[in-house]
Amino acid sequence: MFSEHATRMTRQRKAILETLRSTKSHPTADWIYEQVRHQIPDISLGTVYRNLKLLKEQGEILELNYGSTFSRYDGNAANHYHFRCEECGRVFDVDLPVSCALEHELEAKTGFEVHSHRLEFYGLCSGCRRKRESALGAAGAQAAVNQAQSQEAAQEYAHGEQAGQPSHLALENQGAHGPRH
Ligand SMILES: [Zn+2]
Ligand SMILES: [Zn+2]
């Protein structure tokens, strides 16, 4: 028989797991806490942490640890790869097959018994990349305008020097007509 306490624990854990599985954003414990509070207003952040730890030990979820920043949690416990944006901090699932070959290679090289591996990619997500490129584009356009202005000035100077001499275009045209005569 479940005690009332055990039932409550189960209900809390279920709400946490469902919240985590409802998103692809790999949220922090704080975010999960804010969401679960809509369903269970008196739940504490400590309870959320305890349950996340338990769910992780049970193999229901993954904990993604990013050094000094907060852990993020993943409702998909099957091994898969991640991409973390260094600009906005978002974590994305990467649609690449998990490489068993990599584990076998390491086993063959070392004699270790490899159980699993984690692979994370870092860089800029497409949104942040677009933002950066349009910022660079604006700076690049200004640079092009400046360059065009200085080229115009240089051309004016050159025209002054070559006044009275036949242009390259005229010489090329003469050459092109040559074989016909
Ligand atoms: Zn980003
Ligand atoms: Zn994931």
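Count along the sequence shown from 1, then add 721; that gives the number in my numbering. Glycine is no exception: its CB is placed at the ideal position from the N, C-alpha and C atoms.
Can you tell me which of the three DSSP states histidine 747 falls into?
The sequence position of residue 747 within the sequence shown is 26, counting from 1. Here histidine 747 sits in coil by DSSP.
Is glutamate 808 near ligand 1 - that is, is its Cβ less than 7 Å away from at least one heavy atom of it?
The residue given as residue 808 occupies position 87 in the sequence shown. Judged by the Cβ position, glutamate 808 qualifies as a neighbour of ligand 1 at the 7 Å threshold, a heavy atom of the ligand being closer than this.
Could you round the C-beta distance between cysteine 806 and cysteine 849 to whole angstroms and report it? I think they count as a contact, below 8 Å.
Position 85 of the sequence shown holds residue 806. Position 128 of the sequence shown holds residue 849. Right, their Cβ atoms sit about 6 Å apart.
Just grab the DSSP bridge partners of arginine 805 for me.
On the sequence shown, position 84 is the one that residue 805 refers to. According to DSSP, which records beta bridges pairwise, arginine 805 is partnered with Val812, Tyr843.
Since valine 815 contacts phenylalanine 804 with CB under 8 Å, what's their CB separation in whole angstroms?
If you number the sequence shown from 1, residue 815 lands on position 94. If you number the sequence shown from 1, residue 804 lands on position 83. Indeed they touch by this definition, with Cβ atoms about 5 Å apart.
Alpha carbons only, please: which of Arg811, Asn800, Asn867 is nearest the one belonging to threonine 790?
For the purposes of this step, residue 790 is taken as residue 69 along the sequence shown, with counting starting at 1. For threonine 790, the nearest C-alpha among the options comes from Arg811.
Tell me whether the beta-carbon of histidine 838 lies closer than 8 Å to the beta-carbon of leucine 823.
If you number the sequence shown from 1, residue 838 lands on position 117. If you number the sequence shown from 1, residue 823 lands on position 102. Cβ distance < 8 Å, so histidine 838 and leucine 823 count as in contact.
Span of the beta strand (DSSP E) around glutamate 834:
For the purposes of this step, residue 834 is identified with residue 113 of the sequence shown, where counting begins at 1. From DSSP, glutamate 834 is part of no beta strand (DSSP E); its letter is neither H nor E.
For tyrosine 794, which beta-bridge partners are listed by DSSP?
Indexing the sequence shown from 1 puts residue 794 at position 73. In DSSP, tyrosine 794 forms a bridge with Glu784.
Please classify alanine 750 as buried or exposed, where buried requires at least 16 neighbouring CB atoms within 10 angstroms.
One-based indexing of the sequence shown puts residue 750 at position 29. Looking at its Cβ environment, which holds 16 or more other Cβ atoms inside 10 Å, alanine 750 is buried.
Minimum C-alpha distance to glutamate 755 - residue among Thr740, Asn867, Ser746:
Along the sequence shown, read from residue 1 onward, the residue named residue 755 stands at position 34. Cα-wise, what sits closest to glutamate 755 is Thr740.
Quick one: what does DSSP say isoleucine 753 is sitting in, helix, strand or coil?
Stepping through the sequence shown from its first residue, residue 753 is reached at position 32. DSSP places isoleucine 753 in helix when its eight states are reduced to three.
Strictly closer than 5 Å from CB to any heavy atom of ligand 3: give me those residues in the order they appear in the chain.
Ligand 3 is not among the ligands present in this structure, which contains only ligand 1 and ligand 2.
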